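Visitor: Heads up: the sequence shown begins at 678 in the numbering used here, then just goes up one per residue. Idealized CB from N, CA, C, for every residue including glycine. Keep in mind the model is a prediction, meaning the values are calculated, not measured.
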Amino acid sequence: MRAIEIRGKGGPEVLALVDRPVPACGPGEVLVRVAAAGVNRPDVQQRKGLYPPPPGVTDIPGLDIAGIVEKVAPGVAWPRPGDAVCALVAGGGYAEFCAVPAPQCMPVPRGLSFAQAATLPEVFFTAWNNVFWLGRLAEGETLLVQGGTSGVGLAAIQMARHLRAARVIATASSAEKRAVCLAHGADGVVDYREADWPERVRDLAGGWGVDVILDSQGGDYTPIEMGLLAVDGRLVLIASHRAPRAEISTRDVYIRRLTLTGSTLRGRPPAYKGRIARELVEQVWPLLEDGRIRSHLCGVHPLEEAGAAQSVLDANAQIGKLALTVSDLAGTVPEPPP
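(1) Mind checking D880: buried by the 16 CB within 10 Å criterion, or exposed?
(2) Expressed to the nearest angstrom, what Euclidean distance is found between the alpha-carbon atoms of G951 and E982?
(3) Can you tell me whether DSSP reads A843 as helix, strand or coil?
(4) Return the CA-CA distance between I890 and D696, expressed in angstroms with no decimal places.
(5) Could you name the residues that DSSP lists as bridge partners for M783?
(6) What is the C-beta distance between V709 and I737, in whole angstroms, given that I count them as a contact (C-beta under 8 Å)?
(7) Below 8 Å between beta carbons: does that hold for H1016 and R971?
(8) Give a yes or no on whether the C-beta atoms belonging to G739 and V721 are separated by under 8 Å.
(9) Spatial neighbours of W874 within its chain, please: C-beta separation below 6 Å, excluding the five flanking residues on both sides.
(10) Once DSSP output is grouped into helix, strand and coil, what is the label at I683?
(11) Classify T927 as helix, strand or coil using the three-state DSSP reduction.
(12) Residues in its own chain within less than 6 Å of H978 by CB, not counting five upstream and five downstream?
(13) Taking all protein chains shown into account, do 16 or more other C-beta atoms lie within 10 angstroms of the C-beta of D897, making it buried, or fewer, making it exposed?
(14) For G825, which option in E816, P946 and A837 has the closest C-alpha, if you only look at C-alpha atoms?
(15) When we look at the beta-carbon of S940 and count the other beta-carbons within 10 Å, is it buried (16 or more) or exposed?
(16) Starting from G904, trace the alpha helix (DSSP H) both ways and give me its first and last residue.
(17) Determine the direct distance from the alpha carbon of R955 to that of P735, and round the result to whole angstroms.
(18) Rounded to the nearest angstrom, how far is the Cβ of E966 from that of G687, given a contact under 8 Å?
(19) Can you give me the start and stop residues for the beta strand (DSSP E) that G812 sits inside?
(20) Could I get the ranges of all uninterrupted alpha helix (DSSP H) runs contained in the stretch 829–897, with 4 residues as the minimum, in chain order?
(21) Less than 8 Å separating the beta-carbons of I996 and V857?
(22) Do E799 and G715 have their beta-carbon atoms positioned less than 8 Å apart in this structure?
(23) According to the Cβ coordinates, are F791 and P700 closer than 8 Å?
(24) Can you check whether the CB of G705 is closer than 8 Å to the CB of A754?
(25) Are the CB atoms of L980 and L694 nearer to each other than 8 Å?
(26) Judging by CA-CA distance, which residue of K998, E959 and L964 is the nearest neighbour of C975?
(27) With DSSP collapsed to three states, give me the class of S988.
(28) For R813, collect the residues of the same chain with a Cβ closer than 7 Å to its Cβ; drop the 5 residues on either side in sequence, then sort them by chain order.
(29) Only counting the same chain, and skipping five residues up and downstream in sequence, which positions put a Cβ closer than 7 Å to that of L859?
(30) Do V878 and L821 have their C-beta atoms closer together than 8 Å?
(31) By Cβ distance, which residues of its chain are closer than 6 Å to A832, with the 5 residues on each side in sequence left out?
(32) Going by beta carbon distance, what residues of the same chain come within less than 7 Å of S850, once the five residues before and after it are set aside?
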């Protein structure tokens, strides 16, 4: 099968199109013929040598896919061969075939293409795990999303608005990106390049602070964000692009009953990811199918242009998600059985 491999640490030029064996379908897994794969920032981090795959996981990058189930292991009740699915994977998405634990598969939402469906798993799993599970966002609370036009950011904005009636504040660097945040449901958007952005966030939050912050920057932003939290507020970290270390006031944590937490999903077991998949299909998929929540696909590249797709992320020029078309299935999503 055709696949992309990473030949050393470096820029997009280290991505190479190669021929690899089709992966085996192990116990509890399904083999998916990949129509499209999502392109994510963790893929870039893996290319740079900063985010290696967990032990036992293929070195082929790619964390979410959409396609047709080719084969299933004995005992797997769903999905079945021929089903159109999208799935979160721990690696292997940039390839024509990918083996996936069955619990991590979800049906392709009605009305979406394979390319659109391939942009869903990684960002919606991440936003659900961190905003709803770890952040415990409750009805009517205020959420701050750092980097509102990332795939995770747009997923978080929309789910918080539609499922929790939350007040949502986002940060973004350009007028175009701020407009996209507002169009996807943010109540207010702040330019994080402005020195007074924390004060503007506090004003938008009514002066009382925010209840939950979803952040991928870390570093010097961390103490600032803890200062923006309301009493009982929760700061959830999903990356540390600014710096891996920060100095915070531990006194604030216990005096104001703050929670500082974070996570990665890649090494989590299939049962954990399967719980998220079930909740997404139950609560979010209907909103995708009726258009209240949207997948923002900002670009599609063929598999052999994976480097060009990742270059867009390197330049921080994406709004939403990019996808790779992997096979000629990409434009033909079969209807699910009634």
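Guide: In short, the structure shows the following:
(1) D880 should be labelled exposed.
(2) Approximately 31 Å, taken between the alpha carbons.
(3) Secondary structure at A843: coil, using DSSP grouped into helix, strand and coil.
(4) Approximately 43 Å between the Cα atoms of the pair.
(5) Answer is C763.
(6) Contact doesn't hold; Cβ gap of about 13 Å is too wide.
(7) In the structure as shown, the chain starts at 678 and stops at 1015, and residue 1016 therefore has no counterpart that could be examined.
(8) Against a cut-off of 8 Å, the Cβ pair of V721 and G739 comes out as no contact.
(9) Excluding positions up to five away in sequence, the list reads V867.
(10) Strand, per DSSP.
(11) Correct three-state label for T927: helix.
(12) Hits under 6 Å: A985, A986 and L1001.
(13) So D897 counts as exposed.
(14) Distance check between G825 and each of E816, P946 and A837 places A837 closest, using alpha-carbon atoms only.
(15) Counting Cβ neighbours within 10 Å, S940 comes out exposed, since fewer than 16 surround it.
(16) Y898 to L905 is the extent of the alpha helix (DSSP H) around G904.
(17) First, the residue type needs correcting, since residue 735 is Thr and not Pro in the sequence shown. Roughly 25 Å separates the two Cα atoms.
(18) Approximately 41 Å separates the beta-carbon atoms of E966 and G687; this is outside 8 Å, ruling out the contact.
(19) Counting along the chain, G812 falls outside any beta strand (DSSP E), and DSSP gives it neither H nor E.
(20) Taking only runs of at least 4 residues, the alpha helix (DSSP H) segments lying wholly in the stretch 829–897 are 852–860 and 874–881.
(21) The answer is yes: Cβ separation under 8 Å.
(22) Yes, the Cβ-Cβ distance between G715 and E799 is below 8 Å.
(23) In this structure, P700 does not lie closer than 8 Å to F791 by Cβ.
(24) Not closer than 8 Å, so no.
(25) Yes; because the gap between Cβ atoms is below 8 Å, this pair is in contact.
(26) When only C-alpha atoms are compared, the closest one is K998.
(27) Helix, per DSSP.
(28) Here the set comprises R911.
(29) Answer for L859: V866, listed in chain order.
(30) Against a cut-off of 8 Å, the Cβ pair of L821 and V878 comes out as a contact.
(31) The answer, listed in chain order, is V800, F801 and A804.
(32) Excluding sequence neighbours, S850 sits near D868, Y869 and R870.
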